[in-house]
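Written out below as structure tokens is the structure these notes cover.
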Amino acid sequence: MGIIHIAVLLPLLFALIIPILYRFYKRIHLGWFVLPVPVILFIYFLTYIQNIMSGQSIEKTAKWMPQIGMNFAVHLDGLSFLFTLLITGIGALVVLYSIGYLSQKEQLGNFYCYLLLFMGAMLGVVLSDNLMVLYLFWELTSFSSFLLISYWREKKASLYGAQKSMLITVFGGLCLLGGFILLALAGKTLSVSELIANADKIHNSPTFIMAMVLVIIGAMSKSAQFPFYIWLPDAMEAPTPVSAYLHSATMVKAGIYLIARVTPIFAISQGFIWAVTAFGLVTLFWGSLNATKQQDLKGILAFSTVSQLGMIMSMLGIGAVSYHFQGDESQLYLAAYTAAIFHLINHATFKGALFMITGAVDHACGTRDITKLGGLVTIMPISFTLSIITALSMAGVPPFNGFLSKESFLESMIHVTQAPLFSLNTIGLLIPIAAILGSVFTFVYSIRFVGSIFLGSYKPDKLPNTPHEESWLMLLSPTILSILVIGFGLFPNILSKPIIEPAANAISHSDKAHAEFHLFHGFTPAFFSTLFIYVLGILLILTFHRWVGKLHKHPERFMLNNWYDQIGRYTPFYSTKLTRTYMTGFIRNNLVIIFSMLILITAVTLIFVDFSLDFEKVSSVRTFEAITVVMITIASIMIVFARSRLFSIIMLSAVGYSVAIFFIFFNAPDLALTQFVVETISTALFLLCFYHLPNLSRYNEDRSFKVVNALISIGVGAVVTILGLIAYGNKHFPSIAEFYQKHVYDLAEGKNMVNVILVDFRGTDTLFESSVLGIAGLGIYTLIRLRAKHKNGYERIERNEQPEE
1 MGIIHIAVLL
11 PLLFALIIPI
21 LYRFYKRIHL
31 GWFVLPVPVI
41 LFIYFLTYIQ
51 NIMSGQSIEK
61 TAKWMPQIGM
71 NFAVHLDGLS
81 FLFTLLITGI
91 GALVVLYSIG
101 YLSQKEQLGN
111 FYCYLLLFMG
121 AMLGVVLSDN
131 LMVLYLFWEL
141 TSFSSFLLIS
151 YWREKKASLY
161 GAQKSMLITV
171 FGGLCLLGGF
181 ILLALAGKTL
191 SVSELIANAD
201 KIHNSPTFIM
211 AMVLVIIGAM
221 SKSAQFPFYI
231 WLPDAMEAPT
241 PVSAYLHSAT
251 MVKAGIYLIA
261 RVTPIFAISQ
271 GFIWAVTAFG
281 LVTLFWGSLN
291 ATKQQDLKGI
301 LAFSTVSQLG
311 MIMSMLGIGA
321 VSYHFQGDES
331 QLYLAAYTAA
341 IFHLINHATF
351 KGALFMITGA
361 VDHACGTRDI
371 TKLGGLVTIM
381 PISFTLSIIT
391 ALSMAGVPPF
401 NGFLSKESFL
411 ESMIHVTQAP
421 LFSLNTIGLL
431 IPIAAILGSV
441 FTFVYSIRFV
451 GSIFLGSYKP
461 DKLPNTPHEE
471 SWLMLLSPTI
481 LSILVIGFGL
491 FPNILSKPII
501 EPAANAISHS
511 DKAHAEFHLF
521 HGFTPAFFST
531 LFIYVLGILL
541 ILTFHRWVGK
551 LHKHPERFML
561 NNWYDQIGRY
571 TPFYSTKLTR
581 TYMTGFIRNN
591 LVIIFSMLIL
601 ITAVTLIFVD
611 FSLDFEKVSS
621 VRTFEAITVV
631 MITIASIMIV
641 FARSRLFSII
651 MLSAVGYSVA
661 IFFIFFNAPD
671 LALTQFVVET
681 ISTALFLLCF
691 YHLPNLSRYN
701 EDRSFKVVNA
711 LISIGVGAVV
721 TILGLIAYGN
731 KHFPSIAEFY
741 QKHVYDLAEG
751 KNMVNVILVD
761 FRGTDTLFES
771 SVLGIAGLGI
781 YTLIRLRAKH
791 KNGYERIERN
801 EQPEE
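Numbering (UniProt numbering), first residue to last: 1 to 805.
Dropping the structure here:
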């Protein structure tokens, strides 16, 4: 395991330490102990910048489960390098901001544990070169984000948002798992790098299209693309540091990273190009349109994030066109990749700052409702300055960085209409139209964001708190991000060689990407499109109250949120109703269903699959074995027809002891001894519980009851017998027993084969079984304690006493 592996696991290790530290040391804000983690990681990954600039990639592999090809392989290239800097750099600023935002009265141990857990998961996603390891980290991001969103678990809205994000992203994760499995089967490897190198073989696989669809769904759900975007606005119930981190720079960018990473595999398909581009543009337009009608500051930023993610996603789709051209034509479409990377960086800077400013306003004023805010420009001048810089960047106004990447975005959308393939030069004319309309509403909600907080009339009577400028701890991080917004806008090419071009080359799987940005590119179609966006945007702002009301008059029943809520409301009802049809509380019904399906599935399998029964290798039945079988059969029949419970218990014990005799016949005295002990204890327990057992009933009046029992019993017996004979007569692999017999002494240094198998060869399995018993014991103990606690609480309530602190 190399240093880079430790870097990935460092936040996860600290996630275990931080709650313990918080429990025993509370003098200093816990955030100061957490802050060094992302700072150290940012500096560490920055040391690879020379390697990345020279086009090198760092690959390190730590063996984990090599037998199945599942190793912790790390691949650091231009694309993953960019994301590691975003994850750790923005993470450091978020932790610094959270020190001022969260008081020490909060459950800081939980918060920073979840935050570090998420940070480590994101690093694992962008650095993993193994599909299954990447998927594990991918699901860990969903789990840790669920914990972060539900951090204020006393609020129903937080729990609702967390559950919603979990259900949608985990659904996408399951689709992604299916896509990864199909890719691995087609490419004969779990390595992402090898899959990309052997993309031609995957293209010819019959599972190529299905794998592509599943991977796209997984990425779209994580990056809140239409129609999966509905989880993101509700996730804004999380604390503002969480929103600034997860929903501007990291989690929602995971899907974008995945699309960029698998582009070399799927770019050959026009379906991939159209799907990524079309869904991205629809998301851009729909998100920006919905952002204009929001009255909550976080609601505006939530839908703006959706729209900006759609913008980046559409550029990745356009960039994939470069795979179908050579030379200068390819260079024309590669510009979409450089624009996407640049805007991904820019979005992290201005959106992270805007979230932090929103948190500061909420902290100072006690509300995020824009109908109650306004006129704060003189009261919060620093926040106003930071807001105007970052909001204008989001609106695409020069000289800020958002203007440069927005111009490149418009150029890419216009240039792609010249591509003579996939109908891009015909129906593709809709692409720049959708891009321009989405940018118009982006301009509107960006200006409205600033105006609703700082301009207009001051309304002190509507504010829960007296407005004031927040502490430097809450202003330092957005100030740093705002400086980057200005710096990247005035000097954009400082990022070109070290970050943007290597990342774009990693996506295009080439070294042809060229990133060069200027504040003025001449009188191009993109320039005139920008002027149109400004003019129309200003007109819409001036007439805002005349048209925005119409956006609220949509039929609620057609909205995706309504469909989600309806599914959530009726699914438990109907599933419960269905479950109660067969879960009657009568154990016999459950066994009838289980055994019937066993018989049915086995019968169908035997009909359609050719199995051979080899009786030649079956050993002969000895006399004493036959006598024992007869004894077991007679005892079993007598249990069925017994009218005395005591007699039934005795016959049941006779069956168990007879089975133990079989173990003796087959030279397994240790198993026989175990069986004797188990049967003795079981019989004693039955007799001990004799008094508490229900009355014995044999349903003598219901003949069909007995017939069904007899048929199922005979069927299960026949199935088990046939399966045993089939398994014995169809051995496709040599028995592992020979390995144990050969190595039980030299490898494990033991003489008892059973003990050696359980303790040495299958030691991990035995350890986990013991762990399960321990966990079950802890669960039972907890339930008993909770029951005693609640009982004590009820008694206090009855006596009108206050509960204990």
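Idealized CB from N, CA, C, for every residue including glycine.
Exercise. Would you call N493 buried or exposed, if buried means 16 or more other Cβ atoms sit within 10 Å of its Cβ?
Worked result: exposed
For this session: To the nearest angstrom, report how far apart I4 and V215 are at their CA atoms.
Result: Computed Cα separation, rounded: 27 Å.
Exercise. Would you say L344 and A391 are within 9 Å of each other, going by their C-beta atoms?
Worked result: no
Exercise. Between G7 and G124, what straight-line distance do the alpha-carbon atoms span, to the nearest angstrom?
Worked result: First, the residue type needs correcting, since residue 7 is Ala and not Gly in the sequence shown. One C-alpha to the other measures close to 10 Å.
For this session: List the DSSP bridge partners of L76.
Result: Within the DSSP secondary-structure output, L76 pairs in a beta bridge with I58.
Problem set entry | Cut-off 7 Å between Cβ atoms - residues of its own chain near H324, not counting five sequence neighbours on either side | L421
Exercise. Which runs of the alpha helix (DSSP H) spanning at least 4 residues fall entirely within the region 77-108, listed in chain order?
Worked result: 78-101
Exercise. Taking the alpha carbon of K222 as the point to measure from, which residue in S191, K201 and L258 has its own alpha carbon closest?
Worked result: Taking K222 as reference, the option from S191, K201 and L258 with the minimal CA-CA separation is L258.
Problem set entry | Cβ neighbours of N800 in the same chain (closer than 8 Å, five flanking residues each side left out) | Low local confidence applies: a pLDDT of 47 at N800 is under 50, so the model's placement there is unreliable, and no value is given.
Exercise. Given that a residue counts as buried once 16 or more other Cβ atoms are within 10 Å of its Cβ, and exposed if not, what is Q295?
Worked result: exposed
Problem set entry | Identity of the residues DSSP links to S128 by a beta bridge | According to DSSP, S128 shares a beta bridge with V74.
Problem set entry | Nearest-angstrom Cα separation, counted from F45 out to S439 | Each residue's alpha carbon lies about 34 Å from the other.
For this session: With DSSP as the reference, label K63 as helix, strand or coil.
Result: Assignment of K63 by DSSP, reduced to helix, strand and coil, places it in the strand class.
Problem set entry | Beta-carbon proximity list for E516, same chain, < 8 Å, skipping 5 on both sides | Apart from the 5 residues on each side of it in sequence, E516 sits with its Cβ closer than 8 Å to the Cβ of N493 and S496 in its chain, given in chain order.
Exercise. To the nearest angstrom, how far is it from the Cα of Q566 to the Cα of M559?
Worked result: 11 Å
For this session: Can you grab the Cα-Cα spacing for the pair P432 / F409, in whole Å?
Result: 10 Å
Problem set entry | Start and end residues, alpha helix (DSSP H) containing K742 | Counting along the chain, the alpha helix (DSSP H) containing K742 begins and ends at A737 to H743.
Exercise. Thinking C-beta only, is F226 closer than 9 Å to G172?
Worked result: Cβ atoms of G172 and F226: not closer than 9 Å.
Exercise. Going by beta carbon distance, what residues of the same chain come within less than 7 Å of Y48, once the five residues before and after it are set aside?
Worked result: If you ignore the 5 residues before and after Y48, its C-beta comes within less than 7 Å of the C-beta of I58, L76 and F81, all in its own chain and listed in chain order.
Exercise. Alpha carbon to alpha carbon, what distance is there between L96 and F14?
Worked result: Each residue's Cα considered, the two are about 17 Å apart.
Problem set entry | From K105, L673, G2 and G374, residue whose alpha carbon lies closest to that of R27 | K105
Exercise. Is it a yes or a no for the region 753-763 touching the region 631-644, going by three-plus beta-carbon pairs under 8 Å?
Worked result: no
Exercise. Using the beta-carbon count (16 or more within 10 Å), is M597 buried or exposed?
Worked result: exposed
For this session: Spell out a yes or no on whether the region 683-692 and the region 762-775 are touching, meaning 3 or more CB-CB pairs, one atom from each, closer than 8 Å.
Result: no
For this session: Please name the residue, chosen from A506, A435, S191 and F403, that lies closest to W286 on a Cα-to-Cα basis.
Result: A435
For this session: Note down, in chain order, each residue of its chain lying with its Cβ closer than 8 Å to the Cβ of F733, except the 5 sequence neighbours on either side.
Result: Close CB contacts of F733 within its chain, under the 8 Å cut and outside five residues either way in sequence, are absent.
Problem set entry | Counterpart residues of S191 in DSSP-defined beta bridges | N130
Problem set entry | Sequence-distant residues of its chain with Cβ nearer than 6 Å to L297 (five each side left out) | Hits under 6 Å: T358 and R368.
Exercise. Residues in its own chain within less than 8 Å of Y699 by CB, not counting five upstream and five downstream?
Worked result: Only weak support is given to the placement of Y699: the predicted model assigns it a pLDDT of 47, under 50, and the value that follows is read from those uncertain coordinates. Same-chain partners within the cutoff: F705 and K706.
For this session: Name the two residues that bound the continuous alpha helix (DSSP H) containing I436.
Result: Run containing I436: L430 to F454, per the alpha helix (DSSP H) assignment.
Problem set entry | Status (buried if at least 16 other CB within 10 Å, exposed otherwise) for N204 | Exposed, since its Cβ has fewer than 16 Cβ neighbours within 10 Å.
Problem set entry | Rounded distance between the beta-carbons of S477 and M356, thought under 8 Å | 6 Å
For this session: Can you say whether S387 is buried or exposed, counting buried as having 16 or more other CB atoms within 10 angstroms of its CB?
Result: buried
Problem set entry | Bridge-paired residues (DSSP) for D369 | D296
Problem set entry | Supposed close pair E469, I389 - CB separation, criterion 8 Å | That pair is no contact at about 16 Å.
For this session: Can you tell me which of S150, R261, W231 and I209 puts its alpha carbon nearest to the alpha carbon of A197?
Result: R261
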